[in-house]
Structures are given as structure tokens and as C-alpha cells.
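**Student:** Just dropping this structure here.
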Amino acid sequence: MKFIPILFSLCALGSIDLANAYIPIPLSPKGGKVLSTPARYHKLMQKYGLEGTLQKRGDKIGTIEYTDNFYDVDYVGTVGIGTPPQNFIMDFDTGSSDVWIGTENCSSCRPTQKFDTNQSSTFQLDGFPWKLQYADGSSVSGLTAEDAFTLGGLYTMNQTLGLAENVTGSFANTNLTDGIFGLGFPSLSYTGALMAPVVQMKKQGVIDDAVIGIWLGRAREGGGGELTIGGINPAHYTGEIQYLTVPVKKYWQLNMSSISINQKTFEYRGSSSIVDTGTTLIILPMNLTQDIYNEIPGTRFNSTAGYTIPCNTSQSTEQITFTLNDLPFPINVADIVREEVGDGYCNSGIAGTTSDFTILGDTFLKSYYSVFDYGVDTIARIGFAPSKR
Numbered sequence: 146m147k148f149i150p151i152l153f154s155l156c157a158l159g160s161i162d163l164a165n166a167y168i169p170i171p172l173s174p175k176g177g178k179v180l181s182t183p184a185r186y187h188k189l190m191q192k193y194g195l196e197g198t199l200q201k202r203g204d205k206i207g208t209i210e211y212t213d214n215f216y217d218v219d220y221v222g223t224v225g226i227g228t229p230p231q232n233f234i235m236d237f238d239t240g241s242s243d244v245w246i247g248t249e250n251c252s253s254c255r256p257t258q259k260f261d262t263n264q265s266s267t268f269q270l271d272g273f274p275w276k277l278q279y280a281d282g283s284s285v286s287g288l289t290a291e292d293a294f295t296l297g298g299l300y301t302m303n304q305t306l307g308l309a310e311n312v313t314g315s316f317a318n319t320n321l322t323d324g325i326f327g328l329g330f331p332s333l334s335y336t337g338a339l340m341a342p343v344v345q346m347k348k349q350g351v352i353d354d355a356v357i358g359i360w361l362g363r364a365r366e367g368g369g370g371e372l373t374i375g376g377i378n379p380a381h382y383t384g385e386i387q388y389l390t391v392p393v394k395k396y397w398q399l400n401m402s403s404i405s406i407n408q409k410t411f412e413y414r415g416s417s418s419i420v421d422t423g424t425t426l427i428i429l430p431m432n433l434t435q436d437i438y439n440e441i442p443g444t445r446f447n448s449t450a451g452y453t454i455p456c457n458t459s460q461s462t463e464q465i466t467f468t469l470n471d472l473p474f475p476i477n478v479a480d481i482v483r484e485e486v487g488d489g490y491c492n493s494g495i496a497g498t499t500s501d502f503t504i505l506g507d508t509f510l511k512s513y514y515s516v517f518d519y520g521v522d523t524i525a526r527i528g529f530a531p532s533k534r
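Using our numbering, the first residue of the sequence shown is number 146, and each one after it goes up by one.
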């Protein structure tokens, strides 16, 4: 069996019967200026068109200088596009379905690596206009094309690519990546992609199974990570992988029925929970968010920073348990502690929305080795096993 590992700048990936066939892609932490937790919250509200509970401090994206290795930032990896490959730092995002990068024609793109279409012998311009727009008006737009991708040593042809020729708002202000590598289902695609890149790789015979595995390392334990394509990596988890059915091939979503903390259980009667590797935070309806923070001593809230918790919560042995498809998946309360804001307080990795909506981002996922099985000829499913530290 064939599979690819992709190591993240702070991340990594995994298997079923697929354990002997995967390609790893390293994931790593993005240093320098990164988004603050409140800024990440606002960006996430824009991504899903949700109504947030925090006030914005103007239109600028908040950033912080990443100088320590305590809290988890962005998990990114390298993708080669074109022939010969031009390398780009990409955000691997299960919450979106398009692959897009800036081009030489994009004057509004940040000064980073841009794709030179003239240097690729396999580039084909489709020329169809595409546009992705967030609820706040931020947008990225351009034309569609096809080209080859190189992922962890695997070479795949004729993949749909969005060429970004104009970016505005939050897309123009970010300095974190060169583009997005969407891992969602094609029903969410803005570029008209007919199938996910991983599924197309299976169809081309590049990999045996349309499966990815993701391991996200904790920053305070050295960071790093890995994404595997075509299989999973047993070195990054313990026990057995528990597989949960994805009800609809739109978002990678599961049914959540309750959350528990301190032996108290709070029911959730909303829609499905989206599992999103492109999101840092856990987003819950405001009532559930309040229920959780009522159980964490010393919690504070204000209208701009949101919830902050004592930084020494990182020493807590308590857990928060999410019931997904009727199975319990606990995370440590210590793992929701993020960057310090002063006076012994830190931002938190759980935030609320006025919408009846839940998102499980990296704050949840770093506790588990996660498997995303596209179910090409059957049902799609997500698998979780405790992450091996």
C-alpha cells in the first residue's frame, strides 16, 4: 500500500488496515507574528458566517509575537505545486474544500511565495472565475486552473487549483501561510472541484486508500506534527481507533449529544459538530460555554477578550468530555490554556457563539490522533485514538 506522511510546522498523521501504507508530511509551528486568540475567534466567526459574542477592536487582525513554546499556534506543512514543484507553506484545512494560492498577478496578496504559472510545464488554465467571501466582506478571488501537486513525495496530476488574484480583509492581513489546502468534500468547493485531492489521488492510483491521518503535537512538549495521506501512522496513537460515521458528505461532522465536566453533564440539542483542522478553537453555543466556565475557578469574561482563565489552570487534572456519536472523548482542561494576557490570566481555547453551532478545532484535536476516511464507495467516517505524547 502507498501513503504519504506530511510533517506540519507543529503537527503529524495515521491508519486502520492502512498502517503499512502511508506518506507522511511534517507539520510545524509558524513562528513570528501570529493571530491572538480573540483575533482567531473573529476570523472563525467570519469563516462560518456565525454571530460572535465579542466586540471587535477595529478592523485590523490582532497579532502577537510568538516567542515561547508554551501554547499551540498554527499547524502548517509544505506542498509542491507545478512541474518542477514550487513549494508553498499551506494550512491543511478539513473545514474547507478548495486548494488556493496567490499568483504573480496578485498585487493585494501579502509579499510571500507566489505561484509562477509560467514556470510549470503541467499548468493548465481553466479560466473559470471563482470567489470565496466571508460574512465580514473579506474575500479571495481569481481564476481556476489545473496542475500537479507534490505531497510528501507523491506526485499527482490534474488537480483543481484556485489562483488568487485579489484578496481583501482578513485574507490580505494574514502572514501565516501562502495558501489553503482544503481537505473537505467537494460540495463545499468554490472553485468547482469535482472531488477532493485525496480522492483524486486514489482514482489515479497514487494511493491505495482515500484516508488521511493527523497528529498535532503540543507546543510545550516540543511541537511538531504529521499528516499522512493514504494511510495512518500507528506511532502516533495508543489503543484502538474508534470510528464514527459522518452523516452527510458536506462538512466533516459528527453528532454531539452532551459535554461533561466535574461530574456534571450538559446536554446539547443543536446541529452536528464540525471537526476542523483549520481552526484553533473549540466553538460552542453560549449557554454551553458558560456551563463549562462556571466549573473552572477564577474564570473572567469581558466583551473584547472573551473568557480568560488563570494560567495555572495548565496544572489542572480535570477533564472536559465530549459525547460524539454516543461515545465519550475527554480532553484535559489544561489543554484549553493559551497565551498569557497579564495578571496571571491566559486566553482560553473554548469560545461561544450566539448560533446553535459547534466546531471542534485543534484545541480538541491535539488530544487525539485523527483519521479522516473519505469513504469513496461507502460512508465517510472520522476515527479518534488517544494521541501518543
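We put the beta carbon where it would ideally sit given N, CA and C, even for glycine.
1) If you check the beta carbons only, do G375 and I352 fall under 7 Å apart?
2) Does the count of Cβ pairs from the segment 332–344 and the segment 485–500 closer than 8 Å reach three?
3) Looking only at C-alpha atoms, which of N492, T503, T262 and V224 sits nearest to N447?
4) What does DSSP give as the partner residue(s) for F509 in the beta ladder?
5) Just to confirm, are V285 and V312 a CB contact at a threshold of 7 Å?
6) Do T239 and L328 have their CB atoms nearer than 7 Å?
7) Specify, as a first and last residue, the run of the alpha helix (DSSP H) that N432 falls within.
8) For N378, count the other beta carbons within 10 Å of its own beta carbon; 16 or more makes it buried, fewer makes it exposed. Which is it?
9) Would you say E291 and C251 are within 7 Å of each other, going by their C-beta atoms?
10) Assuming L361 contacts L469 (C-beta within less than 8 Å), just tell me the rounded distance between them.
11) Give the straight-line distance between the Cα atoms of Y519 and A355, rounded to the nearest whole angstrom.
12) Which of the three DSSP states is assigned to I206 in this structure?
13) Is the segment 469–488 in contact with the segment 392–406, if contact means three or more CB pairs nearer than 8 Å?
14) Going by alpha carbons, who is nearest to K348 out of Y438, M302, S283 and L306?
15) Can you tell which of S515, S512 and G451 has the C-alpha that lies nearest to the C-alpha of Y490?
16) For L389, which residues does DSSP report across the bridge?
17) With DSSP run on the structure shown, which of helix, strand or coil describes P230?
18) Measuring CB to CB, does M235 end up less than 7 Å from G370?
19) Can you confirm whether R414, when its beta carbon is compared against all beta carbons of chain B, has any partner nearer than 7 Å?
20) To the nearest angstrom, how far is it from the Cα of T434 to the Cα of G298?
21) Using the DSSP secondary-structure output, state which residues sit across from K409 in a beta bridge.
22) Quick check on the DSSP output: the alpha helix (DSSP H) that includes V542 runs from which residue to which?
23) Looking at the strands, I want to know which residues DSSP matches up with V356.
24) Under a Cβ-count criterion, where at least 16 other Cβ atoms within 10 Å of its own Cβ denotes burial, should I246 be classed as buried or exposed?
25) Of the choices P230, F268, S416 and P229, whose alpha-carbon is the least far from that of I504?
26) Is the beta carbon of P475 less than 7 Å from the beta carbon of Q464?
27) Between the segment 428–442 and the segment 405–415, can you find at least three pairs of beta-carbon atoms closer than 8 Å?
28) Any idea if D488 is buried or exposed, counting beta-carbon neighbours within 10 angstroms, 16 or more meaning buried?
29) Using DSSP with H/G/I as helix, E/B as strand and the rest coil, what is V478?
30) In this structure, how does DSSP classify S284 when only helix, strand and coil are distinguished?
**Tutor:** In terms of the structure at hand:
1) With contacts defined by Cβ atoms closer than 7 Å, G375 and I352 form a contacting pair.
2) no
3) N492
4) Its beta-bridge partners do not exist; DSSP assigns none.
5) yes
6) yes
7) M431 to Y438
8) Classification for N378: buried.
9) no
10) Not really, about 18 Å apart at Cβ, beyond 8 Å.
11) 6 Å
12) Unreliable placement is indicated for I206, whose pLDDT of 30 sits below 50; the coordinate value is still reported in the next sentence. I206 sits in coil when the DSSP states are folded into three classes, being neither helix nor strand.
13) Look at the beta carbons and you see the segment 469–488 touching the segment 392–406: at least three pairs across the two are nearer than 8 Å.
14) M302
15) G451
16) I527
17) coil
18) No; because the gap between Cβ atoms is not below 7 Å, this pair is not in contact.
19) Absent from the structure: chain B. Only one protein chain is present.
20) 42 Å
21) I406
22) In the structure as shown, the chain begins at 146 and stops at 534. Residue 542 is therefore absent and cannot be evaluated.
23) D518
24) buried
25) S416
26) yes
27) yes
28) So D488 ends up on the exposed side.
29) helix
30) Three-state result, S284: strand.
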